[in-house]
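Residue numbers (the working numbering): 14 to 270. Below is one structure, written out as structure tokens; comments come after it.
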Amino acid sequence: MTNTTQDTFGKVPEVTLGFWIIKILATTLGETGGDALSMSMDLGYLVSTAVFAVLFAVAVSVQLVMTRLNPVVYWVTIIATTTVGTTLADFADRSLGIGYAGGSAILLAALIGALFVWHRSLGSIAVDSVHSRKSEIFYWVTIMFSQTLGTALGDWTADSAGMGYTRAALLFGALLATVAVLYYTTKVSRTLLFWAAFILTRPLGAVVGDFLDKPLADGGMNLSRYAASATLLVLIALCIAIFSQRPAQRAPVERPR
């Protein structure tokens, strides 16, 4: 008997232009929101990381028990990963003294390790393969590492490499454009290109967020972190309402007779 409906749809959205727009807004919000708690509220990186880690755990728990895609729950979970990624990376790089380069190297190794274990365990790291509890867990762990890596990488490029926020944003924007060109003009693995783009949106959001709220003397616009975060949150809500959010669909599976 052939089952063409069971497990056909996952709980993560189809990758479309709207997906990437919301993702970039969410990563930018992660930077301004993380800085608002750790710096503007003066809670520090460790306490802020603990607060956001609790929010992340709650959001992921809700996401895991859902039986179908809920765009609001999904994007709240993404925002939670990017806020905790911001403060966690800042804590490791600044408070622990690991530095941007060292933090980026450690997180890159962790990300590659997560992807490797995921692939060895389930045979695929494609978005359309995320249709079971185990694959979802791998998916969110990988995203957590990618968001934290992106923060460290963005700070390293803008600060340590001396590029500043504007040039760093242009660099990561150009790299994302290169991924898009490869997608439309080559046969490079779509899964590889997805994760490359997913990782690159985080440092882009990090440097754009810093550009919005850092002091004028540091090359930023000195906007209120609270106002910037609220504006980004409204834009994300509007995009969720405007853009179609369909679950990623995998090919039907032939079941044994």
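Every residue, glycine too, gets a C-beta built ideally from N, C-alpha and C. Predicted model only: the values in this text are computed from it and were never measured.
Helix, strand or coil: which one does DSSP assign to residue i?
i, result
"P26", "strand"
"G43", "helix"
"D103", "helix"
"V78", "helix"
"G112", "coil"
"R238", "helix"
"A93", "helix"
"V143", "coil"
"R268", "Low per-residue confidence applies at R268: pLDDT is 40, beneath 50, and the placement is therefore not dependable enough to give any value."
"I253", "helix"
"G56", "The question names Gly, but residue 56 is Leu in the sequence shown. Three-state result, L56: coil."
"K36", "helix"
Any idea if residue i is buried or exposed, counting beta-carbon neighbours within 10 angstroms, 16 or more meaning buried?
i, result
"Y113", "buried"
"S159", "buried"
"T198", "exposed"
"R81", "exposed"
"A70", "exposed"
"R146", "exposed"
"G47", "buried"
"F129", "exposed"
"R105", "The sequence as given places Ala at residue 105; Arg does not occur at that position. So A105 counts as buried."
Taking the straight line between their C-alpha atoms, what separation do you get for residue i and residue j?
i, j, result
"L189", "M54", "33 Å"
"P84", "I249", "11 Å"
"S51", "K227", "14 Å"
"V154", "A127", "7 Å"
"T40", "T62", "16 Å"
"G218", "L38", "7 Å"
"G233", "A174", "17 Å"
"D231", "G23", "44 Å"
"D103", "L120", "12 Å"
"N235", "Y58", "20 Å"
Out of the options, state which residue places its alpha-carbon closest to the alpha-carbon of residue i.
i, options, result
"F256", "V28, G23, K24", "V28"
"L205", "V192, R215, L217", "V192"
"I156", "A187, L42, V201, A123", "A123"
"E149", "V73, M176, Y58", "V73"
"I35", "I111, L68, I91, L213", "I91"
"T96", "Y239, V140, E44", "E44"
"S117", "Y239, A165, I138, H144", "A165"
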